[in-house]
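K.L.:
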Amino acid sequence: MGRSSPTALVVEPAEGNPPVGGGAVGDRRARAQADALVRGLLRRLGVVDAFLARDNLFRFNETPDPIKWVLRLAAYEWMYQAGAPDYAIGQQAVELGRLAGGPGSARFINAMMRRLMPRLPRGPAALAADPYLTQMPETARLSVPPEVLREFREAYGAGEGEAVLAALTERPAPVWLRGNLLKSTPEEVVEALRSEGVPTAADEGLPWALRWLGGEKLPWETDAFARGLLTIQDLGAMTATLATGAQTGERVLDACAAPGGKTGQLWEMIGGQGRLVALEVDAERRAVLAPTLARLYGAGCGIEVVEFNEVAYFAAQPQYNQCFDLVVVDAPCQGLGLLRRHPEIRWDGRLGRREPVLALQRGLLAAAARCVRPGGRLVWITCSPTQAENEAILGEFRRGHEGWAMEDPLVGLPPSCRGRIQVSGEGVARTRPDRADMDGFAWGCLRAPDRQYFE
6 MGRSSPTALV VEPAEGNPPV GGGAVGDRRA RAQADALVRG LLRRLGVVDA
56 FLARDNLFRF NETPDPIKWV LRLAAYEWMY QAGAPDYAIG QQAVELGRLA
106 GGPGSARFIN AMMRRLMPRL PRGPAALAAD PYLTQMPETA RLSVPPEVLR
156 EFREAYGAGE GEAVLAALTE RPAPVWLRGN LLKSTPEEVV EALRSEGVPT
206 AADEGLPWAL RWLGGEKLPW ETDAFARGLL TIQDLGAMTA TLATGAQTGE
256 RVLDACAAPG GKTGQLWEMI GGQGRLVALE VDAERRAVLA PTLARLYGAG
306 CGIEVVEFNE VAYFAAQPQY NQCFDLVVVD APCQGLGLLR RHPEIRWDGR
356 LGRREPVLAL QRGLLAAAAR CVRPGGRLVW ITCSPTQAEN EAILGEFRRG
406 HEGWAMEDPL VGLPPSCRGR IQVSGEGVAR TRPDRADMDG FAWGCLRAPD
456 RQYFE
C-alpha cells in the first residue's frame, strides 16, 4: 500500500504518525479533502468510537487496525458530513478495505456498512438530537483520554476546561495571517490579498491579524506573501508575543526563534530598531529562520541570527550574558494547546512521556535567565497550557532564584483582546479558544532582580 493511498492517510495516525505524510497524494483539492477528513475524524474519534460500540454490533477490539480505521472514517463521514452521498461513503469504505486487506476485507466492510450505518445518526442535526450524545462519558464526547481532560480542568478550572476542549474539538483550525507592519498597513495587506482573489477578515482585537476566508489561492501562493507583506501565524501566538511588551529600541533575545513568525513580530514591535538576537539551537529549524526573515524584512534587516547548539553555552558568552532588556522563551513543549490543529496529539500518549520535556524546560529557563540584564524581563511562552509546563516550571525556577518576581501578563495587550485571556492566581495567562478562534497558549512574565548573582 503506497503512502499516496487514502488508506495510508487513515491508518498512519494509529501508528503514531502525523495524519498526512509526505509524498504526493494527488492534487491540492484531493489532498485538502483527505486531510480534512482525517483530522476531523481524529477530533471526533471519541464520539465515533462510542457510537460504533454502542450496540455491540461487532467485535471492535478484535478488528484489525486498518479495517477499524476504515470503518471509523466511514462512520465519521456518515455522522458529520451531511452533504456526502450515502452511496459514495459506502463505495469509498469498500475500496479502502480492498486496499487495506484485499477482497476479503472489502466484503467484510461492505457487510459491516450495511449493518452499522442504519444504527448511526445521519448528519450533524441527527447526531445533536441523539440522546446518546449526552449520555456517553465526557471523555468520549470531548474526544480526549481522561488524562488530557484532567490537565485542562486543572489549568482552566472545572467547567472552563471542558469549554476550552469543546472549542478545540468542534471547530476546524483557522489559518491566521499577520500583516508586516514595517512594510504596509493592515488595510493595504487586505487589499493586496483581495486583488489576488484571497479574501480575509481582520480580528476584532488585533486589526493586523487577518483570518483567511478561502479564495482562489492559498495565502502562501500569493505575490503579497512573496513580497513579505504577511506571514502565517496563529492568533494565539500573536497574542502571546504581543504580551511580551517589547518596546522600540530595546535589546531583545528570542531564545527559541524558529520558524520566525514570533521573531518577526518582535522586530516589528521594536520598530526595526534596537537589537534583536534570534537564537535557535536546532540546526534544521534554524535553516528556515534566515530565509523567512529575509523574505519579510530583507537580507540585511539587522536581526542577528546566531548559531549555537546550546542555550547555556550562548548565555555564557560575555557579549550575551546579562545584557538583554527582554528575553522571550517560546519553549519546546507537549503542544496540548494544538489539539485542534494537530488532533493526533490527543491519542499519542505523550503525557506518559512528560518528564524529559519538563527537564528540558527547566534547563532552558535557567540558561535563558542568565541573558537578562538586572531589572530586565523574561517571558515564558508555551503552546501547552498545562500547569506542569507553566506554573510549576516558573514556580520551581523562582524558588531556586531569589528576587525574580511574576508580573502582570496582560500589560502588553490592548483592552480589546484581554477578554479572551484567563489569568491564574500564580500570574500565568492562558488564551481561551472558546472565546476567540485560536490555539491554546500560556505565558508568564518574570522580572529579574535589580542585581543578579549567578554561580
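Count along the sequence shown from 1, then add 5; that gives the number in our numbering. For glycine and all other residues, C-beta sits at the position ideal for the given N, C-alpha and C.
Let me confirm a value: F65 is counted as buried when at least 16 other C-beta atoms fall within 10 Å, else exposed. Which label applies?
P.N.:
Classification of F65: exposed, given that the 10 Å Cβ count is below 16.
K.L.:
Check each candidate in D442, G164, L383 and name the one with the smallest Cα separation from A172.
P.N.:
Closest by alpha carbon: D442.
K.L.:
What are the boundary residues of the beta strand (DSSP E) that P379 is part of?
P.N.:
377 to 387 is the span of the beta strand (DSSP E), which, as asked, contains P379.
K.L.:
Check whether the segment 198 to 212 touches the segment 420 to 427, counting contact only when three or more Cβ pairs, one atom from each stretch, lie closer than 8 Å.
P.N.:
With a cut-off of 8 Å, the segment 420 to 427 and the segment 198 to 212 count as touching, because enough Cβ pairs lie within range.
K.L.:
I need the DSSP call for L294, collapsed to helix, strand or coil.
P.N.:
Here L294 sits in helix by DSSP.
K.L.:
If A321 and Q366 are in contact, beta carbons under 8 Å, what's the gap, nearest whole angstrom?
P.N.:
That belief does not hold up - the Cβ atoms of A321 and Q366 are roughly 19 Å apart, past 8 Å.
K.L.:
Below 6 Å CB to CB, which residues in the same chain sit around L50 once its five sequence neighbours on both sides are set aside?
P.N.:
The answer, listed in chain order, is S148.
K.L.:
Roughly how many whole angstroms lie between the Cα atoms of P438 and G128?
P.N.:
Going from the Cα of P438 to the Cα of G128 covers about 25 Å.
K.L.:
Are the CB atoms of Q392 and A160 within a distance shorter than 8 Å?
P.N.:
Yes, these two residues count as a Cβ contact at 8 Å.
K.L.:
Quick check on the burial criterion: 16 or more other C-beta atoms within 10 angstroms. Buried or exposed for A29?
P.N.:
Note that A29 scores 41 on pLDDT, short of 50, meaning its location in the model is unreliable; the coordinates nonetheless yield the value given after this. Classification of A29: exposed, given that the 10 Å Cβ count is below 16.
K.L.:
What does M243 pair with, by DSSP beta-bridge criteria?
P.N.:
None, per the DSSP bridge assignment.
K.L.:
In whole angstroms, give me the CA-to-CA distance for A67 and L451.
P.N.:
In the sequence on display, residue 67 carries Glu and not Ala. Rounded to the nearest angstrom, the two C-alpha atoms are 52 Å apart.
K.L.:
Which full runs of the alpha helix (DSSP H) of 4+ residues lie inside the segment 335 to 374, going along the chain?
P.N.:
Counting whole runs of 4 or more residues, the segment 335 to 374 contains the alpha helix (DSSP H) stretches 360 to 374.
K.L.:
Distance check for Q38 and G381, CA to CA, integer angstroms please.
P.N.:
So the alpha carbons of these two residues sit roughly 48 Å apart.
K.L.:
Quick check: the Cα distance between F113 and P150, rounded to an integer number of angstroms?
P.N.:
So the two alpha carbons sit approximately 29 Å from each other.
K.L.:
If contact is defined by three or more beta carbon pairs under 8 Å, each pair taking one atom from either stretch, is the segment 246 to 258 in contact with the segment 267 to 276?
P.N.:
Taking 8 Å as the limit for Cβ pairs, the verdict is that the segment 246 to 258 does touch the segment 267 to 276.
K.L.:
By DSSP, does L281 sit in helix, in strand, or in coil?
P.N.:
Three-state DSSP puts L281 in a strand.
K.L.:
Would you give the residue range spanned by the alpha helix (DSSP H) that T174 belongs to?
P.N.:
Run containing T174: 165 to 175, per the alpha helix (DSSP H) assignment.
K.L.:
Beta-carbon separation of R290 and A263 under 8 Å?
P.N.:
Cβ atoms of R290 and A263: closer than 8 Å.
K.L.:
Using DSSP bridges, identify the partner residues of E412.
P.N.:
Paired residues: C450.
K.L.:
Three Cβ pairs or more, each shorter than 8 Å: is that satisfied between the segment 346 to 365 and the segment 279 to 294?
P.N.:
Judged by Cβ distances under 8 Å, the segment 346 to 365 makes no contact with the segment 279 to 294, as fewer than three pairs qualify.
K.L.:
Give me the residue from V334, T205, T268, Q96 with the minimum Cα distance to G219.
P.N.:
Of the candidates V334, T205, T268, Q96, the one whose C-alpha sits nearest the C-alpha of G219 is T205.
K.L.:
With DSSP as the reference, label D40 as helix, strand or coil.
P.N.:
D40 falls in the helix class under three-state DSSP.
K.L.:
Tell me whether G31 sits in a helix, a strand or coil according to DSSP, three-state version.
P.N.:
Annotation note: pLDDT 47 at G31 (below 50); position unreliable, no value reported.
K.L.:
Does the Cβ-Cβ distance between L240 and P224 come in under 8 Å?
P.N.:
No, Cβ-Cβ distance for L240 and P224 is not below 8 Å.
K.L.:
If you check the beta carbons only, do L341 and G445 fall under 8 Å apart?
P.N.:
Contact flag set, yes.
K.L.:
By the three-class DSSP mapping on this structure, what secondary structure does V332 have?
P.N.:
Looking at V332 - three-state DSSP - the assignment turns out to be strand.
K.L.:
Using a threshold of 8 Å, state whether the C-beta atoms of G449 and L399 are closer than that.
P.N.:
Yes; because the gap between Cβ atoms is below 8 Å, this pair is in contact.
K.L.:
Please determine, among V384, G95, A111, the residue with the shortest C-alpha to C-alpha distance to E82.
P.N.:
Checking every option, the nearest Cα to that of E82 belongs to G95.
K.L.:
Which class does G405 belong to by DSSP, given the choice of helix, strand or coil?
P.N.:
Note: G405 maps to helix in three-state DSSP.
K.L.:
Taking the continuous beta strand (DSSP E) assigned at W461, which residues delimit it?
P.N.:
This structure does not reach residue 461, given that the chain is present from 6 up to 460, and the question cannot be answered.
K.L.:
Just to confirm the assignment, what range does the alpha helix (DSSP H) spanning E100 have?
P.N.:
Per DSSP, E100 belongs to the alpha helix (DSSP H) from 91 to 106.
K.L.:
Within a Cβ cutoff of 8 Å, which residues of the same chain sit near L271, ignoring the five residues on either side of it in sequence?
P.N.:
Excluding positions up to five away in sequence, the list reads T246, T249, A251, V257, D259, L281, V333.
K.L.:
Which residue marks the beginning of the beta strand (DSSP E) containing E309, and which one marks its end?
P.N.:
Counting along the chain, the beta strand (DSSP E) containing E309 begins and ends at 309 to 311.
K.L.:
Just to confirm, are A93 and L125 a CB contact at a threshold of 8 Å?
P.N.:
Taking 8 Å as the Cβ cut-off, A93 and L125 do not qualify as a contacting pair.
K.L.:
Strictly by DSSP, which residues pair up with A214?
P.N.:
Answer by DSSP bridge pairing, in chain order: R183.
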